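Chemist:
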Amino acid sequence: MEKNQECMYCMEDERRDNLMIEICELGVSTVFLFKEQTYKGRCNVVYRDHVKELFQLTADELSAFMNDVAQVAEAVDKAFGPDKINYGAYGDKLHHLHMHIVPKYDGQADFGSTFQMNPGQTYLTDEEVQEMVGRIRAYLQ
Numbered sequence: 080m081e082k083n084q085e086c087m088y089c090m091e092d093e094r095r096d097n098l099m100i101e102i103c104e105l106g107v108s109t110v111f112l113f114k115e116q117t118y119k120g121r122c123n124v125v126y127r128d129h130v131k132e133l134f135q136l137t138a139d140e141l142s143a144f145m146n147d148v149a150q151v152a153e154a155v156d157k158a159f160g161p162d163k164i165n166y167g168a169y170g171d172k173l174h175h176l177h178m179h180i181v182p183k184y185d186g187q188a189d190f191g192s193t194f195q196m197n198p199g200q201t202y203l204t205d206e207e208v209q210e211m212v213g214r215i216r217a218y219l220q
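Residues 80 to 220 in my numbering are what the sequence shown lists, from first letter to last.
1) Mind checking whether Val151 and Val181 have CB atoms under 7 Å apart?
2) What residue does the beta strand (DSSP E) around Glu104 start on, and which one ends it?
3) Which residues in the same chain as Lys163 place their Cβ atom closer than 6 Å to its Cβ, once the five residues preceding and following it in sequence are excluded?
4) Does DSSP classify Ser192 as helix, strand or coil?
5) What is the DSSP secondary structure of Gly186, counted as helix, strand or coil?
6) Helix, strand or coil for Cys122? Go by DSSP, reduced to three states.
7) Within a Cβ cutoff of 7 Å, which residues of the same chain sit near Leu141, ignoring the five residues on either side of it in sequence?
8) Nearest-angstrom Cα distance between Tyr169 and Asn123?
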């Protein structure tokens, strides 16, 4: 696995751990739950190697990554029943391929518009976080 010394995903350091908690590993990625939960069930699917763009993957790697993304979206949908799931792949400042899975609920934060990267409004207790991780993980088995 290629690692970038400046990348929080490659280095698996406190920059990452301050933002999210690991749920599990899938075929070619690791799934994380964001600690900030304005969008109940918001996750991040992080590709295993330090790759900047989707087009840098082979067809098989791309298919496997998108399969992981779809699995997580389905698990979040089953666990929390959002009205819609938004997907985001940005990385302007963090050049490691990852996909935000953002459940949206009618009548709640930013429904009908773009989600905020870190609204800083909703933080859960450790027990609530573990309960959410368990619910998502149960649908990824």
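Don't be surprised by glycine CBs; every beta carbon is placed ideally from N, CA and C. All of these numbers come straight from a predicted model, not from anything done at the bench.
Modeler: To lay it out plainly:
1) The residue you call residue 151 lines up with position 72 of the sequence shown. The residue you call residue 181 lines up with position 102 of the sequence shown. Not closer than 7 Å, so no.
2) One-based indexing of the sequence shown puts residue 104 at position 25. Where Glu104 is concerned, the enclosing beta strand (DSSP E) stretches over Met99 to Glu104.
3) On the sequence shown, position 84 is the one that residue 163 refers to. Answer for Lys163: Lys183, listed in chain order.
4) Within the sequence shown, residue 192 is the residue found at index 113, counting from 1. It is coil, neither helix nor strand.
5) Reading the sequence shown from its first residue, position 107 is the one you call residue 186. Gly186: coil per DSSP, three-state reduction.
6) Your numbering for residue 122 matches position 43 in the sequence shown. Looking at Cys122 - three-state DSSP - the assignment turns out to be strand.
7) Position 62 of the sequence shown, counted from the first residue, corresponds to residue 141. Answer for Leu141: Leu133, listed in chain order.
8) The count along the sequence shown starts at 1 and reaches residue 169 at position 90. The count along the sequence shown starts at 1 and reaches residue 123 at position 44. Looking at the two C-alpha atoms, the distance is approximately 12 Å.
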